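Residue numbering for the sequence shown follows our numbering, beginning at 1470 and increasing consecutively.
Written out below as structure tokens is the structure these notes cover.
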Amino acid sequence: QTAPGVSLPGRTQVPGAARVAQGPSSLGLEQAIQLAVQNNLTTLVAREREREAEGLKDESRAGLLPNVSATAYQANLTQNLAALGFQPGTFPGITRTFIGPFNNFDARARLVQSIFSLSAIRNYQAGKAGVRVAELQEGLAREQVATFTALTYLEALRSGREVEAAQADVDLAQTLLKLAQDQHTAGVATGVDVTRAETRLARERVRLSQAQTASEQAVLNLQRVVGLPLGATLTLTDPLRFTNEPLPAVETAVAEAGQARPEVRIAEAQLSLTGLERRAARAELLPSVDFVGDYGVSGITPTNTDLPTRRVAVQLNVPIFNGGLTRGRIEAAASRERQAELELGSVRGQVEEDVRLAFSALRTTAEQVAAAGQSVTLAQRELEMARDRCRHGAGGALERAQRGDHGARAVQRRAPQPRRRARSRRGVQVVRQPGPRTVVCRRILKGCMSVVGSQRGDGYGEGD
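Put into structure tokens, the structure is as follows:
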């Protein structure tokens, strides 16, 4: 197992989750993250790899525990004494070299216990280090799935906002078209104005269709990541709200990330694991001591046995030459350790780059949000000024609608900023933000219809 590469949150595609039979009709961010962590393929595979590491640890521990076995056999034998170097007459009463057939039975239990084996000790330590690596990788998988799920949830929210904004643009374009048609009928506008309004309406309808398609795709992607049935009706209950939080110094954040980021901890654990594997390979060159014993009965048949017999021994194993097998293992383990050292250095550098880029992105998005908020304020002020001009007869309904359109587009530019800020954070935060663009467009529509009604005298008012 090797430490995975470092990537910014959301840049790596997370596989889909196992499908649940029936999902909820409404979904909050915390619920989405919980379902994704439980069902996503990435976390499921990480859990299985952790179980695999536990099994490998138990396997490595077997070299330190007693090894008990039992054997029993019933045999019918013949023996050629000449093959053993005995001539006829060597034994009194035996004039032939061929003996048998005769029966033989033996049943006994055997015990082998390692008294000292440094290689087995190092292998067990490496097995425990492998479990630690697997646990850290499982935690990283959970974090990556949670981060990607949060970003996917935010993308679905943003695409829903785009649909609302596009619908407001269509409503506004319809109002402007009606204004142009009414003014053309009254003789204060040309046919070109009507054509322009019709073109704008067609363009906004295309934008609405594109936004609806993008919203459907975003919701399907969220359902795939979370594990909900695809195509089911889903309402997202957590909207966005921008919060500007104080940030620590860059150097402080870099130091904290170097200690806490799971990628760094995985690389460090991987380096420790490869070091233990190298030491275990070197320990194979050292002698080991085992306790060996057996106890059982032997005779002619299972029902015809003599006294039980036993064997107790302390065995010293001294490796002399095994064809270069141990040397090859040492070289391979040393190479893996050097690779882990290089990987750790690369991961630390990548983590520092991630932190510095995140701080830069956070500063930029905070400035963009502030500028977008100021644009909304100025656009709303411009709309109020246009209303005053219209109220005093110095401006028309078309000017008023255009000022409102400026406000709507200012809010539209503001809408994606909280999501961009969330993407730039290592941990995605759940925030809430109202949808001001729809409110502005409603004000535009009401104001335009009231002005049109006053110009036409046909009874249109704010209530309409």
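Glycine included, each C-beta is placed from N, C-alpha and C at the ideal position.
Predicted model only: the values in this text are computed from it and were never measured.
Through-space distance from residue j to residue i, alpha-carbon basis
i	j	result
Met-1854	Thr-1846	12 Å
Thr-1833	Gly-1608	30 Å
Phe-1585	Gly-1727	39 Å
Val-1900	Asn-1713	Unreliable placement is indicated for Val-1900, whose pLDDT of 26 sits below 50; the coordinate value is still reported in the next sentence. Looking at the two C-alpha atoms, the distance is approximately 11 Å.
Thr-1772	Ala-1578	18 Å
Leu-1699	Arg-1627	19 Å
Gln-1837	Ala-1635	22 Å
Gly-1792	Glu-1800	14 Å
Ala-1749	Arg-1591	5 Å
Val-1663	Gln-1650	6 Å
Glu-1685	Arg-1669	24 Å
Ala-1839	Gln-1808	46 Å
Gly-1762	Ala-1541	16 Å
Ala-1551	Glu-1528	47 Å
Leu-1504	Leu-1648	50 Å
Distance between beta carbons of residue j and residue i, contact taken as under 8 Å
i	j	result
Val-1820	Glu-1732	6 Å
Val-1537	Leu-1605	Their Cβ separation, rounded to whole angstroms, is 36 Å, which puts Val-1537 and Leu-1605 out of contact at 8 Å.
Glu-1810	Leu-1755	Not quite, the Cβ-Cβ distance comes to about 25 Å (not below 8 Å), so this is no contact.
Ala-1595	Leu-1709	Not confirmed; about 47 Å, so no contact.
Gln-1548	Gly-1569	6 Å
Arg-1805	Thr-1743	5 Å
Phe-1555	Thr-1564	At roughly 12 Å, the Cβ-Cβ gap does not stay under 8 Å, so Phe-1555 and Thr-1564 are not in contact.
Leu-1703	Gly-1629	Rounded, the Cβ-Cβ distance is 11 Å, inconsistent with contact.
Closest residue to residue i among the options (Cα-Cα distance)
i	options	result
Leu-1498	Ala-1625, Glu-1517 and Val-1514	Ala-1625
Asn-1545	Ile-1769, Leu-1794, Arg-1730 and Gly-1793	Ile-1769
Leu-1813	Glu-1753, Arg-1734 and Arg-1796	Arg-1734
Asp-1640	Arg-1807, Ala-1610, Arg-1674 and Glu-1528	Arg-1674
Pro-1717	His-1653, Ala-1827 and Thr-1511	Ala-1827
Arg-1780	Val-1766, Tyr-1622 and Asn-1786	Val-1766
Asp-1759	Ala-1589, Gly-1842 and Ala-1615	Ala-1589
Glu-1720	Ala-1848, Gln-1503 and Glu-1822	Glu-1822
Asn-1572	Glu-1517, Gln-1543 and Gly-1818	Gln-1543
Ala-1782	Arg-1850, Tyr-1593, Glu-1612 and Ser-1583	Ser-1583
First and last residue of the uninterrupted alpha helix (DSSP H) at residue i
i	result
Pro-1731	1731-1752
Ala-1637	1587-1655
Ser-1767	Unbroken run through Ser-1767 is the beta strand (DSSP E), 1757-1770; no alpha helix (DSSP H).
Leu-1703	Unbroken run through Leu-1703: none, as it is neither H nor E.
Ala-2016	Since the first and last residues shown for the chain are 1470 and 1933, residue 2016 lies out of range.
Ser-1678	1660-1695
Beta bridge counterpart(s) of residue i as assigned by DSSP
i	result
Thr-1559	Its beta-bridge partners do not exist; DSSP assigns none.
Ala-1576	Ala-1541 and Val-1766
Thr-1774	Gly-1768
Ser-1583	Asp-1759
Gln-1784	Asp-1759
Leu-1496	Leu-1705
Arg-1779	Tyr-1764
Gln-1548	Ile-1568
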